[in-house]
Amino acid sequence: MYEPTVHRTAPLVVHQPTPISPAAAHTAPVVPVQPGPIPAVASVVLPDGRVVTGYAVAPAQPEPIAMKPAVSRTAVNVALGGVGFLAVCGGLLLLTSFIAALTAFIGELIILAAVCFGGWVAVLVFSGSGHQGGTTVNIRKAVVKRNHFHG
């Protein structure tokens, strides 16, 4: 019922690259290279007999692990927060003292104004600077009988 299908494959064609000769007009400038140690060339023989030659690649070195500080950042943040809180509390204490002193100063100013204004009114009322009109009654000569005033 099911028959396998056979596909015919084309023969394998291998192309050899053609070397390109460099043009004389387009030569790249020579960059001076600092002399250094030349890496060793390594050769590996594969199981089928081929030899692969190349430079040895140094294995990638892992980055060094950062040392943890002796004190955690959370502890430092808590300590700095405590210092800030103490600074704020000191400022609030000074602020309440300032408000109390300002309240007392305003109260003293009000009392001073009342004393000065009251004294000025008393001088005006009790000064004997002449007669300003109205009816004058001599009370020493008046007689009071049965809650009735006879002047």
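Counting from 1, position 93 in the sequence shown corresponds to residue 339 in our numbering; the numbering is continuous, with no gaps.
We put the beta carbon where it would ideally sit given N, CA and C, even for glycine.
The structure displayed is predicted, hence computed values, not measured ones.
Spatial distance of residue i from residue j (CA atoms)
i, j, result
"V297", "I266", "26 Å"
"A346", "G364", "27 Å"
"G295", "Q262", "22 Å"
"V367", "A360", "10 Å"
"L358", "V322", "54 Å"
"R337", "S343", "A small correction: the amino acid at residue 337 is Gly; Arg does not occupy that position in the sequence shown. Distance between the alpha carbons of G337 and S343: 10 Å."
"T320", "G330", "15 Å"
"G257", "T264", "Note on residue identity: the sequence assigns Pro, not Gly, to residue 257. Cα-Cα distance, rounded: 22 Å."
"S433", "P308", "Since the first residue of the chain shown is 247 and the last is 397, residue 433 is not available in this structure."
"A333", "L341", "12 Å"
"E354", "F372", "26 Å"
"A304", "M313", "26 Å"
Under 8 Å between C-beta atoms of residue i and residue j
i, j, result
"Y301", "V287", "yes"
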